[in-house]
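Colleague:
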Amino acid sequence: MTQEESDPDLIHSDLETTRTEGSHSVRICIYRSEDSDWFLELIAGDGSSTVWPEPFQAEEAALGEAILTIKEEGILSFYAAKAH
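Okay, so the sequence shown: first residue is 1 according to the working numbering, each after it adds one.
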């Protein structure tokens with residue numbers, strides 16, 4: 001179960017989005033509690049979840065990190081079974 005599914009009290013950023021390459025997609029989730037910085041989680045189309053261990057002070061920084069990482073590593077790197 002992802003953090004997104006397990007805690008209904010989270011505040012989700014309006015910057016959350018989905019990135020797609022070919023037939024593979026990754027959901028970019030950016031969320032926080034009332035008294036925390038922003039957390040970044042990428043959820044692949046197969047349900048695999050990758051959460052950054054350190055929070056971001058700004059939601060824009062979290063989104064920028066997600067986009068850069070997807071560009072550098074590719075969407076398939078976030079899938080449990082790396083499809084080719």
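A virtual CB, placed ideally from N, CA and C, is assigned to each residue, including glycine.
1. What residues match up with SER36 in a beta bridge as DSSP calls it?
2. How is GLU77 classed by DSSP in three states: helix, strand or coil?
3. Run through DSSP, which three-state label would LEU15 get?
4. Can you grab the Cα-Cα spacing for the pair GLY74 / LEU15, in whole Å?
5. Tell me whether SER13 is buried or exposed, calling it buried when 16 or more other Cβ atoms sit within 10 Å of its Cβ.
6. Hey, how far is the Cα of SER33 from the Cα of LEU42?
7. Looking only at its chain, what residues have a beta carbon closer than 7 Å to the beta carbon of PHE78, apart from the 5 residues adjacent to it on each side?
8. Are the beta-carbon atoms of ILE11 and LEU63 separated by less than 8 Å?
Modeller: In terms of the structure at hand:
1. Translated into the one-based positions of the sequence shown, residue 36 becomes position 36. SER36 is not bridged to any residue.
2. The sequence position of residue 77 within the sequence shown is 77, counting from 1. Contrary to the premise, residue 77 reads as Ser rather than Glu in this sequence. If DSSP states are grouped into helix, strand and coil, SER77 belongs with the helices.
3. Locating residue 15 in the sequence shown gives position 15, counting from the first residue. Reduced to three states, the DSSP call for LEU15 is coil.
4. Working through the sequence shown from its first residue, we reach residue 74 at position 74. Working through the sequence shown from its first residue, we reach residue 15 at position 15. One C-alpha to the other measures close to 20 Å.
5. Position 13 of the sequence shown, counted from the start, is the residue given in the question as residue 13. Counting every other CB atom within 10 Å of its CB across the protein chains shown gives SER13 a total of 16 or more, marking it as buried.
6. Residue 33 sits at position 33 when you count from the first residue of the sequence shown. Residue 42 sits at position 42 when you count from the first residue of the sequence shown. Cα to Cα, the separation comes out at about 18 Å.
7. Here residue 78 refers to the residue found at position 78 when the sequence shown is read from its first residue. Cβ within range, chain order: VAL26, LEU42, ALA44, SER48, THR50.
8. Here residue 11 corresponds to residue number 11 of the sequence shown, with the count starting at 1. Here residue 63 corresponds to residue number 63 of the sequence shown, with the count starting at 1. Going by C-beta atoms, ILE11 is not nearer than 8 Å to LEU63.
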